[in-house]
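Protein sequence lines, in the order shown, are assigned to chains S and P. The opening residue of the first sequence carries number 1 in this note's numbering; numbering runs sequentially from there. The opening residue of the second sequence carries number 341 in this note's numbering; numbering runs sequentially from there. So the structure is just underneath, and the comments pick up after that.
Protein chains: 2
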Amino acid sequence: MAVTLYDVASEAGVSISTVSRTLSAPERVAPSTRARVRAAVEMLGYQPNRAASLLRSGRTGVIGMVVPDLENPYFAGIVKGVQARARLAGSVSLIVDSDEKPQEEVALVRLLIQQTDGIVLCAPRALDNDMSLLSRVPVVLVNQVWRDVPSITIDHSTGMLRAVEHLRALGHRALAYVGGPEHSRSDADRRDGLRRAQELYSDLTITSLGNFPPQVAGGEAAADLAAASGATGVLAFNDLVAIGLLRRLARRGLRVPEDISVVGTDDTLVAQLATPQLTTLHVDLAQLGKVAVELLLDLIARGPAAAPGSPSPAIREPLDLVVRASTGMAPASSASHTTS
Amino acid sequence: MAVTLYDVASEAGVSISTVSRTLSAPERVAPSTRARVRAAVEMLGYQPNRAASLLRSGRTGVIGMVVPDLENPYFAGIVKGVQARARLAGSVSLIVDSDEKPQEEVALVRLLIQQTDGIVLCAPRALDNDMSLLSRVPVVLVNQVWRDVPSITIDHSTGMLRAVEHLRALGHRALAYVGGPEHSRSDADRRDGLRRAQELYSDLTITSLGNFPPQVAGGEAAADLAAASGATGVLAFNDLVAIGLLRRLARRGLRVPEDISVVGTDDTLVAQLATPQLTTLHVDLAQLGKVAVELLLDLIARGPAAAPGSPSPAIREPLDLVVRASTGMAPASSASHTTS
DNA sequence: ATGAAAGCGCTAACAA
DNA sequence: TTGTTAGCGCTTTCAT
Chain S
1 MAVTLYDVAS
11 EAGVSISTVS
21 RTLSAPERVA
31 PSTRARVRAA
41 VEMLGYQPNR
51 AASLLRSGRT
61 GVIGMVVPDL
71 ENPYFAGIVK
81 GVQARARLAG
91 SVSLIVDSDE
101 KPQEEVALVR
111 LLIQQTDGIV
121 LCAPRALDND
131 MSLLSRVPVV
141 LVNQVWRDVP
151 SITIDHSTGM
161 LRAVEHLRAL
171 GHRALAYVGG
181 PEHSRSDADR
191 RDGLRRAQEL
201 YSDLTITSLG
211 NFPPQVAGGE
221 AAADLAAASG
231 ATGVLAFNDL
241 VAIGLLRRLA
251 RRGLRVPEDI
261 SVVGTDDTLV
271 AQLATPQLTT
281 LHVDLAQLGK
291 VAVELLLDLI
301 ARGPAAAPGS
311 PSPAIREPLD
321 LVVRASTGMA
331 PASSASHTTS
Chain P
341 MAVTLYDVAS
351 EAGVSISTVS
361 RTLSAPERVA
371 PSTRARVRAA
381 VEMLGYQPNR
391 AASLLRSGRT
401 GVIGMVVPDL
411 ENPYFAGIVK
421 GVQARARLAG
431 SVSLIVDSDE
441 KPQEEVALVR
451 LLIQQTDGIV
461 LCAPRALDND
471 MSLLSRVPVV
481 LVNQVWRDVP
491 SITIDHSTGM
501 LRAVEHLRAL
511 GHRALAYVGG
521 PEHSRSDADR
531 RDGLRRAQEL
541 YSDLTITSLG
551 NFPPQVAGGE
561 AAADLAAASG
571 ATGVLAFNDL
581 VAIGLLRRLA
591 RRGLRVPEDI
601 SVVGTDDTLV
611 AQLATPQLTT
621 LHVDLAQLGK
631 VAVELLLDLI
641 ARGPAAAPGS
651 PSPAIREPLD
661 LVVRASTGMA
671 PASSASHTTS
């Protein structure tokens, strides 16, 4: 059915090894033979069978990526960076969505690893279970850290600190944080930043609000709690949550930023579409993806028997505060703005 | 290194064929053997090698998907539908982004087809070139039609008609359409709807505006042209373009909807985040993806030698008008609202 | 009900 | 420089 090496070989009057060599190491074939083989390849429209090649050599030229939710613009941004960098290296990238399901993540890694050279595992929630798989396979973690698996994370801790300082400079003293998914590493990181802020500025009251889904609905669900906490400044897990806050607050008749200031995280597309436009923490998502791929290519090149001694890189990307319209001076009567 | 069929076989004291059978057709092995094999599989943590299996059987259990831009919420929505439906069928889906590059699309289809059972090709721009490949391989087109390749498209034509009728009912007589990418099938479809509207309602003046990139920037670029055309109602290629219009119009001091009404298309997440919230045409993106997969599974099941006689399904999904705040009554002095 | 054996298409020693 | 050959791990007849 399909054209194979044998067809090309007989067409060109050489052996299959010569054809194979012409394709993978042209310099090791005589120019005249090379030309003849190439002509045959062209003529028959030969396409190498990747399954066979993979089975034999173990190399695929494909980089895998697992993300929790492709529809989330945050992950979409990282994906773009990964795709661009992979293409530059001559690899394609295969992206799969775990639908925010921890069990899926492990299953997908297991599946993907068989048809790729390595995997960028983005913000995995599953951790303890079968994650030991990760040490045995070329994997780079994004927004997550586990044992000595190479990783790239965002310095949300310092980011939060900057956001808190911004709000404090505007006169806010009572703050609230609307947290994200339970096992999210970046959520823990943000809370750590809050802790640092609390230590530095003892005049602040920072309320941490439970775990909310990292979507608009999460923000809507958290808005009333945030308001009831007496906070005049609210920090959100991400931009979508911030927009949920904005929306519910507006429906309650609370004005942003006059009554309450809101800070998002990530500076995704939607931050600028919100009303008012969101003050948020900017992340260079594409850069994140790019670095992840570079780490991965490195890991692959070092071979499967990566020296256990060499420390796995754990890169941290910074976060920059972008001030827009959702933050402003704290209301004058801030102190009396307590729970009902 | 990895656990193979042989390891499991010797552990269970059977032959490799029996192990293979236990895994793919359990009812054809004796219950007692089956149990023994399963225990061995469990114990050794056996994972079938997909490359070998693919090489031998030709089946992968993987569905491929090529989209122009993963970061576009529109395609992300379709992707989610595809992933969900594929999972239901026991397949995973591998998504790749062509970065809006037509050449990439063909190359990616070629690459993907080797590691998948079939492909959902989403809104391809490339058409004439090497597309003949598509007739030889299980492919379903989304938002595109080519020869007799099965396809699912959105009835943008009728959608546009509904949007025009909505604006006309509000008193608008001068309309403008901000078009999308040059070879976009759906753009042609929308223009067809405009044509139908023009025929039905001869009191309308509909101006078609050139090709703009389907992003916020495209809308910003088109806004001044739309305003200069004297139109009081503007139809946008998609929601992002509509938001670009909104933004530029606001900067020009034109009020929406008091001075100009704007209608988006697609009803993506951003439509509700815009200010004012967008009147738009709602598409059930997930449904689109779901149907595409069903079409594809059907095609795969029918085997490679699909009867050339059987008509390939060409499904059309409807579009529903969602009225929000970006459309309103035409300004009273509409007639005198001309260029300059 | 189970096993033996023949490849799927390719790569990579090794020989010539 | 080129050809020969031995598998990679699995599925699938065909025997038993």
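Here a beta-carbon is modelled for each residue, glycine too, at the ideal position from N, C-alpha and C. Since we're looking at a predicted model, the values are computed, not measured.
Closest by C-alpha distance to P:L621, when choosing among P:P653, P:L451, P:G353 and P:L575: P:L575
In the structure shown, what three-state DSSP assignment does P:V359 receive? helix
Under 7 Å by beta carbon: chain P residues contacting S:G77: E411
Can you name the residues of chain P whose CB is closer than 9 Å to the CB of S:R110? The answer, in chain order, is Q387.
Can you tell me the Cα-Cα spacing of S:R87 and S:T60, whole angstroms? 14 Å
So S:G230 is in the alpha helix (DSSP H); what residue range does that whole segment cover? Per DSSP, S:G230 belongs to no alpha helix (DSSP H) and is neither H nor E.
Within chain S, partners of P:T615 - CB distance below 7 Å: T275
Helix, strand or coil: how does DSSP classify P:V407 here? strand
How big is the Cα-Cα spacing for P:G570 and P:G593? 16 Å
Report the rounded CA-to-CA distance for P:Q423 versus S:L288, giving the unit in angstroms. 25 Å
Whole angstroms is fine: what's the gap from P:G520's alpha carbon to S:A242's? 31 Å
Outcome for S:E258 when other beta-carbon atoms lying within 10 angstroms are tallied against a minimum of 16: When all chains shown are included, S:E258 counts as exposed.
Taking beta-carbon pairs under 8 Å, can you tell me which members of the stretch 269–293 of chain S lie near chain P? L269, V270, L273, A274 and T275
Within 9 Å of any Cβ in chain S, is that where the Cβ of P:I640 sits? Against chain S, the CB of P:I640 has no partner CB under 9 Å away; the residue lies outside that interface.
Residues that DSSP places opposite P:R622 in a beta bridge: First, the amino acid is wrong: residue 622 of chain P is His here, not Arg. P:H622 is bridged by DSSP to P:D606 and P:D660.
Of all the options S:Q215, S:G233, S:S202 and S:Q277, which has the alpha carbon lying nearest to the alpha carbon of S:E100? S:Q215
S:I243 versus chain P: which residues are under 9 Å apart at the beta carbon? L613
Unbroken alpha helix (DSSP H) runs of length 4 or more, entirely within the stretch 544–603 of chain P: which are they? 556–568 and 579–591
At the level of alpha carbons, what is the spacing between S:A2 and P:Q538? Roughly 51 Å separates the two Cα atoms.
Comparing alpha-carbon positions, which option in P:T344, P:V377, P:A391 and P:E411 lies nearest P:L580? P:E411
Identify the continuous alpha helix (DSSP H) that holds P:A516 and give its terminal residues. Note, P:A516: premise wrong, no alpha helix (DSSP H); beta strand (DSSP E) at A514 to V518.
Specify the secondary structure class of P:D437 as computed by DSSP and reduced to three states. Here P:D437 sits in strand by DSSP.
Ignore the nearest five residues each way along the sequence and tell me which others in P:G499's own chain have a CB closer than 6 Å to its CB. L621 and L659
Alpha-carbon to alpha-carbon, P:V602 and P:R530: 16 Å
Within chain P, partners of S:R125 - CB distance below 9 Å: Those within 9 Å of S:R125 in chain P number zero; the least Cβ separation is about 17 Å.
Does DSSP classify P:L635 as helix, strand or coil? helix
At 9 Å on the CB atoms, spell out the chain P contacts of S:D99, in chain order. K420, Q423, A424 and R427
Any beta carbon of chain P sitting closer than 9 Å to that of S:D7? no
Interface flag, S:I260 vs chain P, CB-CB below 9 Å: no
Beta-carbon proximity list for P:S674, same chain, < 8 Å, skipping 5 on both sides: Any reading at P:S674 must be qualified, since the residue scores a pLDDT of 47, below 50, and its modelled position is unreliable; no value is offered.
Less than 9 Å between the beta carbons of P:A632 and P:I453, yes or no? No Cβ-Cβ contact shorter than 9 Å links P:A632 with P:I453.
With a threshold of 9 Å between beta carbons, is S:V62 in contact with chain P? yes
9 Å Cβ cutoff, S:T18 in contact with chain P: no
DSSP-derived helix/strand/coil call for P:V504: Three-state DSSP puts P:V504 in a helix.
Strictly by DSSP, which residues pair up with S:V139? S:I119
Stretch pair the stretch 264–282 of chain S + the stretch 322–332 of chain S: three plus CB contacts closer than 8 Å: yes
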